[in-house]
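What follows is a single structure, written as structure tokens, with notes after it.
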Amino acid sequence: MERRFLLAVGLMIAVLVVPSLFLKRPPPRRPAAADTTRAPAAPTLPAAAPARRPLEAPAATPPAATAGPERFDTVALSQRFATYRFSTMGASLDRAAFPTIKSFRPVDRKAPVQLVRPGDRLLLHRLVTGADTVRLDSVQFTATGGPDTIHMTGQAGALTETLRVASVSGHPYLLDVTGEIGGLQGRGALLLVGLGNGFANVEADSMDNYRAYAVAVRRTTPDNVNFRSVDAGAVRLVEGPLDWVGVKSKYFLGALLSGDSLHPQLGGALLIGGARQGSLATTLQTWVTMPVGPDGRFHYQFYFGPQTHQTLSPLGRQLDKASSYGWIFKPLVMPVAGLFTRLFIWMHEHLHLSYGFALIVFGVMVRLVLWPLNQRAMKSQVAMMAVQPILKDLQARYKNDPQKLQAEMMKVYKEHSVNPLGGCLPLLLPMPVLLALFFVFSRAIELRGTAFLWLPDLSLRDPLFITPLVMGLSMFALSKLSQAGMPPNPQAKMMTYMMPVMMTVLFLNFASGLNLYYAVSNLVSLPQQYLINKARLAEMTRRQVGTVKPT
Numbered sequence: 002m003e004r005r006f007l008l009a010v011g012l013m014i015a016v017l018v019v020p021s022l023f024l025k026r027p028p029p030r031r032p033a034a035a036d037t038t039r040a041p042a043a044p045t046l047p048a049a050a051p052a053r054r055p056l057e058a059p060a061a062t063p064p065a066a067t068a069g070p071e072r073f074d075t076v077a078l079s080q081r082f083a084t085y086r087f088s089t090m091g092a093s094l095d096r097a098a099f100p101t102i103k104s105f106r107p108v109d110r111k112a113p114v115q116l117v118r119p120g121d122r123l124l125l126h127r128l129v130t131g132a133d134t135v136r137l138d139s140v141q142f143t144a145t146g147g148p149d150t151i152h153m154t155g156q157a158g159a160l161t162e163t164l165r166v167a168s169v170s171g172h173p174y175l176l177d178v179t180g181e182i183g184g185l186q187g188r189g190a191l192l193l194v195g196l197g198n199g200f201a202n203v204e205a206d207s208m209d210n211y212r213a214y215a216v217a218v219r220r221t222t223p224d225n226v227n228f229r230s231v232d233a234g235a236v237r238l239v240e241g242p243l244d245w246v247g248v249k250s251k252y253f254l255g256a257l258l259s260g261d262s263l264h265p266q267l268g269g270a271l272l273i274g275g276a277r278q279g280s281l282a283t284t285l286q287t288w289v290t291m292p293v294g295p296d297g298r299f300h301y302q303f304y305f306g307p308q309t310h311q312t313l314s315p316l317g318r319q320l321d322k323a324s325s326y327g328w329i330f331k332p333l334v335m336p337v338a339g340l341f342t343r344l345f346i347w348m349h350e351h352l353h354l355s356y357g358f359a360l361i362v363f364g365v366m367v368r369l370v371l372w373p374l375n376q377r378a379m380k381s382q383v384a385m386m387a388v389q390p391i392l393k394d395l396q397a398r399y400k401n402d403p404q405k406l407q408a409e410m411m412k413v414y415k416e417h418s419v420n421p422l423g424g425c426l427p428l429l430l431p432m433p434v435l436l437a438l439f440f441v442f443s444r445a446i447e448l449r450g451t452a453f454l455w456l457p458d459l460s461l462r463d464p465l466f467i468t469p470l471v472m473g474l475s476m477f478a479l480s481k482l483s484q485a486g487m488p489p490n491p492q493a494k495m496m497t498y499m500m501p502v503m504m505t506v507l508f509l510n511f512a513s514g515l516n517l518y519y520a521v522s523n524l525v526s527l528p529q530q531y532l533i534n535k536a537r538l539a540e541m542t543r544r545q546v547g548t549v550k551p552t
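In this text, residue positions in the sequence shown follow this note's numbering: the first is 2, and each later residue adds one.
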């Protein structure tokens, strides 16, 4: 999807910029698929390994089936926005429900989101000690406490594990986990923490959700966030040390964070692509390593919830960058996309506008802001046209001396106050806005499921394809109008007809909100372009530049 959008951006730049360049010079000769509801059980990890040895790929032999949660007791941490249920089998997380966020999967539409797949478990613990791997995730624990703190204790042979899991005050989706392994006799060990097999699909378009499955990790030397996607059946190792490891779907994130933000404690991560649906992996198994000291103690935090700026940004540690924004445009797009998201939320909450109307208002605002720049671009184009006879004479005179030709052309530009790039910049300015909005509508959970007029969800494609068709027609009308009164140009004429068709086809499956913004932007530009045409005719008359009658 991002590749198609980048192609669309490239084509839009061509349709906006190339005609203006030609005008400055004489013309040269699938439906949503069903979710995989039951996750496969975790494979057996390698046995003995020194604490500092990197993880190896697990054996291919399938383990015994994970027992269902109904056979064991459960205890829950209940908060206003989330309920996390832990099973006494392995002291593992087997349910995470978010009452304020609704599912859009057809079979349970409008039910509260529940992210843990049936039969799957998160925060599984296995311990590597010497030549042995102890399956703490298969041990029966006893549990006490709730609703904001629970204590669990289990024993595996000579080893005991005690855990304290608590909600973090002031944060709706953060858990604090402290533990101690007894019986190590002063030896260190390696703790393996399992983050499950990916999340249950709760989106109307399951393939779009699976397409977003990835693991994000943060390194602090140097400080950056990297992304790893895994094909079905593939195994990838991510070496540490890491500050955090996050498993993400389109809108949700499960991130294991080092207990000490100043000293990364996660040794690495093992990623295993599971079942395949089409060309996409529908499960993504993740294990994370962290050392256990001679005292047997360990500490980490776990964020499990929606990817929102409001909940991730206060945690710092660049968790708000856990969602990819395209590696090329990321430094530019991320802050702009975050700004637009906050602007839409502010307009929705304070101006009481629906997100659809907020988007329309925003499209009008962008065009009003660009109006003075477009006027200046028009004058720059006319000025460039006025010096074309002089430039043609220079090109004929110095055709064998490129350096002299360049020097003489720059002298002409300076004498006639012509900026050869003045007509391009205003045409390029809307591009970062459009690029940022692409990621806003594909990443912002605030816009997920937002209906407007006939559009059931602004983050999904228009089911009737009305917005992309209006966008294409308005793009054609705007391009046609911008050529009125200009000298004939075969290239510009071809692009006037071809580009709207190509852009319409590319935008058919893009978010309807993005199409709505682009269509509104084009429609608002039509009266502006008409006024610019009148001003351009007056400017061309003043400069005595030849015009042609509109066709």
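Ideal Cβ placement from N, Cα and C applies to all residues, glycine included.
query: Following the continuous beta strand (DSSP E) through T75, name the residue where it begins and the one where it ends.; result: T75 to S79
query: Excluding the 5 residues flanking Y510 on each side, which residues of the same chain have their C-beta closer than 7 Å to its C-beta?; result: According to the sequence displayed, residue 510 carries Asn and not Tyr. Around N510: R462.
query: Alpha carbon to alpha carbon, what distance is there between L436 and Q156?; result: 54 Å
query: With DSSP collapsed to three states, give me the class of N225.; result: strand
query: How would you label Q553, buried or exposed, when you count the other beta carbons within 10 angstroms and need 16 or more for buried?; result: In the structure as shown, the chain starts at 2 and stops at 552, and residue 553 therefore has no counterpart that could be examined.
query: Pick out whichever of Y414, A190, M476 and T89 has its Cα sitting closest to the Cα of L160.; result: A190
query: Based on the DSSP secondary-structure assignment, which residues constitute the bridge partners of W288?; result: G195 and L271
query: Report the residue from D74, G274, L344 and P307 whose alpha carbon sits nearest the alpha carbon of L175.; result: P307
query: Leaving out five residues before and five after V365 in sequence, what residues of the same chain have Cβ atoms less than 8 Å from its Cβ?; result: V521 and V525
query: Where do the N-terminal and C-terminal ends of the beta strand (DSSP E) with R118 fall, by residue?; result: Premise fails: R118 is in no beta strand (DSSP E) and is neither H nor E.
query: Are G91 and L123 touching if we call contact CB-CB under 8 Å?; result: no
query: When the distance is taken between beta carbons, is R219 closer than 8 Å to V226?; result: yes
query: What are the boundary residues of the alpha helix (DSSP H) that includes T468?; result: I467 to S483
query: May I ask you to report which of helix, strand or coil DSSP gives Y304?; result: strand
query: Counting beta carbon pairs with one atom in the region 243-258 and one in the region 282-289, are three or more of them shorter than 8 Å?; result: yes
query: By how many angstroms is the C-alpha of V117 removed from the C-alpha of F200?; result: 6 Å
query: Got a sec? Which residues, its chain only, sit under 8 Å from F358 by beta carbon, not counting five neighbours each side?; result: F453
query: Excluding the five sequence neighbours on either side, which residues of its own chain have a C-beta within less than 6 Å of the C-beta of P51, listed in chain order?; result: Unreliable positioning characterises P51 in this predicted model, as indicated by a pLDDT of 38, which lies under 50. A coordinate reading is not provided.
query: For the region 178-188 and the region 201-220, state whether three or more C-beta atom pairs, one from each stretch, are separated by less than 8 Å.; result: no
query: Excluding the five sequence neighbours on either side, which residues of its own chain have a C-beta within less than 6 Å of the C-beta of P501, listed in chain order?; result: G473, M476 and F477
query: Is it buried or exposed for V135, if we count other Cβ within 10 angstroms and need 16 for buried?; result: buried
query: Name the DSSP bridge partner or partners of D133?; result: T130
query: When you compare each of D296, L128 and T222 to V140 by their alpha carbons, which one comes out closest?; result: L128
query: Could you compute how far the alpha carbon of L392 sits from the alpha carbon of Y399?; result: 10 Å
query: Just to confirm the assignment, what range does the alpha helix (DSSP H) spanning A408 have?; result: P403 to E416
query: Buried or exposed for A132, please, with buried defined as at least 16 other CB atoms from any protein chain shown within 10 angstroms of its CB.; result: exposed
query: Between H349, N210 and P295, which lies nearest to Q186 when the distance is taken from Cα to Cα?; result: P295
query: Buried or exposed: Y498, going by 16 or more other Cβ atoms within 10 Å of its Cβ?; result: exposed
query: Specify the secondary structure class of S93 as computed by DSSP and reduced to three states.; result: strand
query: Whole angstroms are fine: how far does the CA of T505 sit from the CA of L470?; result: 6 Å
query: Rounded to whole angstroms, what is the Cα-Cα separation between A167 and L257?; result: 15 Å
query: Give the straight-line distance between the Cα atoms of D394 and Y414, rounded to the nearest whole angstrom.; result: 14 Å
query: Expressed to the nearest angstrom, what Euclidean distance is found between the alpha-carbon atoms of A276 and N198?; result: 10 Å
query: By DSSP's criteria, F87 is part of a beta bridge. Which residues make up the other side?; result: V76 and L94
query: From P373 to V367, what distance separates their C-alpha atoms?; result: 12 Å
query: Mapping DSSP to helix, strand and coil, what is F82?; result: coil
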